Amino acid sequence: MEACKIVNMYTTTETIAQELMERHVYPWEVLPEIGAFIRELGASLDPARYEMIGEDIWVAKSASVAPTASLNGPLIIDEEAEIRHCAFIRGNAIVGKGAVVGNSTELKNVILFNRVQVPHYNYVGDSVLGYKSHMGAGSITSNVKSDKTLVVVKSQEETIETGLKKFGAMLGDCVEVGCNSVLNPGSVIGPDTNIYPLSSVRGVVPAHSIYKDRDHVVQKQ
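Note that the sequence shown covers residues 468 to 688 in the working numbering.
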């Protein structure tokens, strides 16, 4: 499933987790390793640029964090990131340079690449969001199947068993997700793709496309 490989979805230089991403072939393979990687990397961060503000929590001195935000480690908030009012970061999270985590947004076991925006009422769990990807207000990743079975990634041609019970969505670079959309477990959205508002997405969505529903996916001109 070439389209789902890290090299075809992400600009890995646009995350402090570049080393972790480049250890693997598929992006969901990083999910079990995020917490340990943060602890390892955090201990090596430049204290002139990053401050350790709690157990396994490192925040860049240039980042903006609202006093009402809840931060739990392991966590790295990179330079110029903005954590807004009542954001809830549960841990195992990397927030990239210039990224925005907004009002009442919840993060858990995620990598947000640089300049990602999850600015309004988003839940993002067990997911990787690529450079400059954006989730509209109220859009969420659903990270556990209703029958609690292991998540499978499915395209029209191929199926991959992930071995993961919790797996939200993999968003490539510059993905736009419309407001109030649900990205079902195992969703993989290729770079430069737009998801219509109010969509229910599952499976692999090709790069450079516009997704209205599973029967209406067109390539951008």
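For every residue, glycine included, the Cβ atom is placed at its ideal position computed from N, Cα and C.
Source: prediction; values computed, not measured.
If I follow the unbroken beta strand (DSSP E) through residue i, where does it start and stop?
i: E573; result: 573–579
i: L542; result: 542–544
i: N570; result: 567–570
i: V684; result: 683–686
Relative to the C-alpha of residue i, which residue among the options is closest?
i: E549; options: N559, R557, D659, P534; result: P534
i: E496; options: I561, G630, L538; result: G630
i: A566; options: A530, D593, F555; result: A530
i: Y598; options: I473, L574, K528, Y477; result: Y477
i: L665; options: C553, K633, H491, D680; result: D680
i: T479; options: V649, V595, Y517, G635; result: V595
i: S571; options: F580, P541, A604; result: A604
What's the call for residue i, buried or exposed, on a 16-neighbour Cβ count within 10 Å?
i: N559; result: buried
i: N475; result: exposed
i: A674; result: buried
i: V685; result: exposed
i: D593; result: buried
i: K575; result: buried
i: A503; result: exposed
i: D545; result: buried
i: S654; result: buried
i: E507; result: exposed
i: V492; result: exposed
For residue i versus residue j, is the C-beta spacing smaller than 9 angstroms?
i: V619; j: T608; result: no
i: L538; j: G563; result: no
i: I578; j: M488; result: yes
i: R582; j: V568; result: no
i: N651; j: Y678; result: no
i: N647; j: S600; result: no
i: A484; j: I473; result: no
i: L498; j: K633; result: yes
i: V671; j: M468; result: yes
i: R557; j: E547; result: no
i: A470; j: G635; result: no
Which residues mark the beginning and the end of the alpha helix (DSSP H) in which residue i is found?
i: I505; result: 501–509
i: L487; result: 485–488
i: V642; result: No alpha helix (DSSP H) contains V642, which DSSP labels as neither H nor E.
Does the ligand MN have a heavy atom nearer than 8 angstroms to the CB of residue i?
i: E643; result: As presented, the structure is devoid of all ligands, the ligand MN included, so that no description of it is given.
Would you say the region 506–517 touches the region 581–592, given that touching needs at least three Cβ pairs under 8 angstroms? Touching, no, given that fewer than three Cβ pairs across the two stretches are closer than 8 angstroms.
Three or more C-beta pairs below 8 angstroms linking the region 611–627 and the region 638–649: In this structure the region 611–627 does not touch the region 638–649; the number of beta carbon pairs closer than 8 angstroms is below three.
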